[in-house]
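In the order they appear, the protein sequences are chains A and B. FYI, the numbering for the first sequence is 1 to 217, going by the working numbering. FYI, the numbering for the second sequence is 218 to 523, going by the working numbering. Just so you know, even glycine gets a beta-carbon here, dropped at the ideal spot from N, CA and C. First the structure, in the form of structure tokens, and then the observations on it.
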Amino acid sequence: MSLAGAVNHVARRVPAWTIYVAGTTPPVWLLWAGASGGLGADPVKAIERTLGLWALKLIVAGLCITPLRRFAGVNLVKYRRAVGLLAFSYVVLHFLAWLVLDMGMLWAQALGDIVKRPYVTVGMVALVLLIPLAATSNDWSLRALGTARWRWLHRLVYPAALLGAIHFVWLVKAWPLEPFVYLGIVIVLLALRAVSPGVLRAGNEKGANPPPPLASS
Amino acid sequence: MARRIMRDLKWCDVTPKADFLTRRQLLAGAAALGLAGPATAKLSYVQSKFSTDEKPNAFEDITTYNNFYEFGTDKGDPAAHASALTIDPWSVKIDGMVEKPGDYDLADILAGVTLEERIYRFRCVEAWSMVVPWIGFPLGDLLARVGVQPSAKYVAFETIVRPEEMPGQRRGILEWPYREGLRMDEAMHPLTILATGLYGEAMPKQNGAPIRLVVPWKYGFKSIKSVVRITLTDSQPKTTWNMLQPREYGFYSNVNPEVDHPRWSQATERRIGEGLFGGRHPTLKFNGYGDLVASLYAGQDLAKDY
Ligand code: HEM
Numbered sequence: 001m002s003l004a005g006a007v008n009h010v011a012r013r014v015p016a017w018t019i020y021v022a023g024t025t026p027p028v029w030l031l032w033a034g035a036s037g038g039l040g041a042d043p044v045k046a047i048e049r050t051l052g053l054w055a056l057k058l059i060v061a062g063l064c065i066t067p068l069r070r071f072a073g074v075n076l077v078k079y080r081r082a083v084g085l086l087a088f089s090y091v092v093l094h095f096l097a098w099l100v101l102d103m104g105m106l107w108a109q110a111l112g113d114i115v116k117r118p119y120v121t122v123g124m125v126a127l128v129l130l131i132p133l134a135a136t137s138n139d140w141s142l143r144a145l146g147t148a149r150w151r152w153l154h155r156l157v158y159p160a161a162l163l164g165a166i167h168f169v170w171l172v173k174a175w176p177l178e179p180f181v182y183l184g185i186v187i188v189l190l191a192l193r194a195v196s197p198g199v200l201r202a203g204n205e206k207g208a209n210p211p212p213p214l215a216s217s
Numbered sequence: 218m219a220r221r222i223m224r225d226l227k228w229c230d231v232t233p234k235a236d237f238l239t240r241r242q243l244l245a246g247a248a249a250l251g252l253a254g255p256a257t258a259k260l261s262y263v264q265s266k267f268s269t270d271e272k273p274n275a276f277e278d279i280t281t282y283n284n285f286y287e288f289g290t291d292k293g294d295p296a297a298h299a300s301a302l303t304i305d306p307w308s309v310k311i312d313g314m315v316e317k318p319g320d321y322d323l324a325d326i327l328a329g330v331t332l333e334e335r336i337y338r339f340r341c342v343e344a345w346s347m348v349v350p351w352i353g354f355p356l357g358d359l360l361a362r363v364g365v366q367p368s369a370k371y372v373a374f375e376t377i378v379r380p381e382e383m384p385g386q387r388r389g390i391l392e393w394p395y396r397e398g399l400r401m402d403e404a405m406h407p408l409t410i411l412a413t414g415l416y417g418e419a420m421p422k423q424n425g426a427p428i429r430l431v432v433p434w435k436y437g438f439k440s441i442k443s444v445v446r447i448t449l450t451d452s453q454p455k456t457t458w459n460m461l462q463p464r465e466y467g468f469y470s471n472v473n474p475e476v477d478h479p480r481w482s483q484a485t486e487r488r489i490g491e492g493l494f495g496g497r498h499p500t501l502k503f504n505g506y507g508d509l510v511a512s513l514y515a516g517q518d519l520a521k522d523y
């Protein structure tokens, strides 16, 4: 069996809800470790950063699903909704860690930072863009909106991903490699949306099929 | 022996507030009993009127949460990699507009020096802070010994460059050597010290062993570590962070809640060691040392000279 076949074989057996279960563990662990002194001298930054980084990783993972299917024949589409909702949850937790733990609920300064600090502004815009996506990631919304409109709406994940990666690049001091790697990956993943499958794979698809909407599995 | 006892404690066993006294009393007690041999690297020092009475951070906080990009950009990198740094022998080149230039062995620099404990607030430009019980002596004393020529107006400092021992220097994170500088009056100010230890012991390598600068009213990056060169000059020296991003890191970089970093507010700070819900504290102008240093900047617009 090809690698893609093997992955598809496993994917047919592993239900999507496992993503939610696996995704709940790290935040719970983080809070526990932070409260019990297991996160080093600065548990606040450790929690805030870990959640931010996982939010970005999950957004990237979500963006991989369509190209994987189109270019590699790996079908993980049934996990896409879970990955997307989990990514959104991590963004929200990341935001809450910032507001409650880092800002210490200094509302005025927090609001000031959202308005004045470009890297925070950009992160906030990304969060806001993801809200309608999370709110419509269910079968009812898909039916109510109709496939075409739903699909159009969910393209908001593209700017959100780009802004999330820019947020990362913008907040570091000096020039470490990591944020640029993420930005590069996001740009490549977005660029792939404009490429027809035949270019990368001598496949027999007829032109670029748009990805199917999120379906519950 | 005292050190061994402390070593056996895992850092999570040590809570900053409760164990701080225990640790110091233990060290003092061990010293008094003559238990602390040379192996403990116990320093002898006197107290200073410049010390704050705020509780110092735990030794473990101070030695595991460091910005020392020579060893990597993560706060944990210095503690993980600094053990490779050779600090003996160590000499400091003192040159420029100075009466007695030369390569001074560290032992010569320290000969006859009375070390003091200076418990200082330490405020990082990243808006976190600590309280550190440094051991050191006034930079001004050293400058007086080597003789500053009247034409000298600034003091420039350089950190050691040794990429084979400092993994961060193998990458172009910053332009090496790390450089810092002070105006002459700042350098001669009694609060400005060269530190050779903390918590009564020789300086841990991740904190800038064997000798580093501490300027408590300025952002932490001004307090250059592992110094190998001190140059007296008549022009404002180039400084590393200013060279990288002049809009974000000024030459003066005095702690100032009224002048924000372009990307974040400097109005408040988080005190390391306060756990998850410590929140933020208002940042004090000149990091709370204004009564001693504000006069240095009389007539200067600190929003312009940030
Ligand atoms: C899609 C939305 C977002 C993504 C993908 C994201 C991602 C990230 C990432 C990857 C980091 C760096 C982690 C590291 O250093 O390893 C980070 C840090 C941070 N983010 Fe976000 N973020 C998002 C939204 C937000 C929002 C809405 C806020 C606040 C309003 C915010 C505030 C911060 C702060 C304060 C830091 C830490 C800065 C520091 O290191 O001190 N982020 N985020």
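The C-beta of B/Asp-294 comes no closer than 8 Å to any C-beta of chain A. A/Arg-69 is bridged by DSSP to nothing; it lacks a bridge partner. The three-state secondary structure of B/Gly-398, taken from DSSP, is strand.
B/Asp-518 and B/Leu-461 have their C-alpha atoms spaced approximately 23 Å apart. For A/Ala-16, the secondary structure class from DSSP, reduced to helix, strand or coil, is coil. Not one heavy atom of ligand 1 falls within 7 Å of the beta-carbon of A/His-154. Listed along the chain, the chain A residues whose CB falls inside 7 Å of the CB of B/Leu-493 are Gly-34, Ala-35, Pro-43, Val-44 and Leu-101.
A distance criterion of 7 Å places the beta-carbon of A/Ala-72 beyond contact range of ligand 1, judged by its closest non-hydrogen atom. Contacts with chain A (Cβ-Cβ distance below 7 Å) from the segment 472-484 of chain B involve Arg-480, Trp-481, Ser-482 and Ala-484, listed in chain order. DSSP, read as helix, strand or coil, puts B/Met-383 in coil. Taking a C-beta cut-off of 8 Å against chain A, the contacting residues of the segment 282-313 of chain B are Tyr-282, Tyr-286, Thr-290, Lys-292 and Gly-293, listed in chain order. Contact between A/Gly-5 and B/Ser-482 is absent: CB atoms are separated by about 54 Å, not below the 8 Å threshold.
Only Glu-343 and Trp-345 from the segment 337-349 of chain B bring a Cβ to less than 8 Å from some Cβ of chain A.
No Cβ of chain B is located within less than 8 Å of the beta carbon of A/Ala-191.
Not one beta carbon of chain A lies nearer than 8 Å to the beta carbon of B/Ile-326. DSSP places B/Asp-278 in the helix class (H, G or I) of the three-state scheme. With contacts defined by Cβ atoms closer than 8 Å, A/Arg-80 and A/Gly-104 do not form a contacting pair.
For A/Val-157, the distance from the CB to the nearest heavy atom of ligand 1 is not below 7 Å.
Annotation: the continuous alpha helix (DSSP H) that includes B/Trp-458 extends over 457-461. Distances from the alpha-carbon of B/Gly-398 to those of B/Asn-473, B/Val-444, B/Pro-273 and B/Ser-346 put B/Val-444 closest. For B/Ile-390, the C-beta contacts it makes with chain A under 9 Å involve Ala-174, Trp-175 and Pro-176, in order along the chain. When Cβ-Cβ separations below 8 Å define contact, B/Gly-490 makes contact with chain A.
Shown in chain order are the members of the segment 107-119 of chain A whose Cβ falls below 9 Å from a Cβ of chain B: Gln-109, Gly-112, Asp-113, Lys-116, Arg-117, Pro-118 and Tyr-119. Contact between B/Val-472 and B/Asn-504 holds, with the beta-carbon distance rounding to 4 Å and staying under 8 Å.
As the crow flies, the alpha-carbon of B/Gly-414 is around 7 Å from that of B/Gly-353. Taking 8 Å as the threshold, the shortest C-beta distance from B/Arg-464 to chain A does not fall below it.
Rounded to whole angstroms, the Cβ separation of B/Val-432 and B/Lys-442 is 12 Å, and the two are not in contact under 8 Å.
Proximity to A/Ala-165 across A/Val-91, A/Val-10, A/Thr-66 and A/Val-44 peaks at A/Val-91, based on C-alpha coordinates. For ligand 1, a non-hydrogen atom lies closer than 7 Å to the CB of A/Ile-114.
Taking a beta-carbon distance threshold of 8 Å, B/Asp-270 does not count as an interface residue toward chain A.
Note: B/Glu-375 is bridge-paired with B/Arg-396 and B/Arg-446 in the DSSP secondary-structure output. As DSSP reads the structure, A/Leu-86 sits in no beta bridge. Taking the C-beta atoms as reference points, B/Asp-322 is found nearer than 8 Å to B/Pro-306. Unbroken alpha helix (DSSP H) runs of no fewer than 4 residues, entirely contained in the segment 123-173 of chain A, are found at 139-145, 147-153 and 157-171, following chain order.
Cα atoms of B/Trp-351 and B/Asn-459: separation of roughly 26 Å, rounded to the nearest angstrom. Ligand 1 never approaches A/Asp-42 closely enough for any of its heavy atoms to be under 7 Å from the residue's Cβ.
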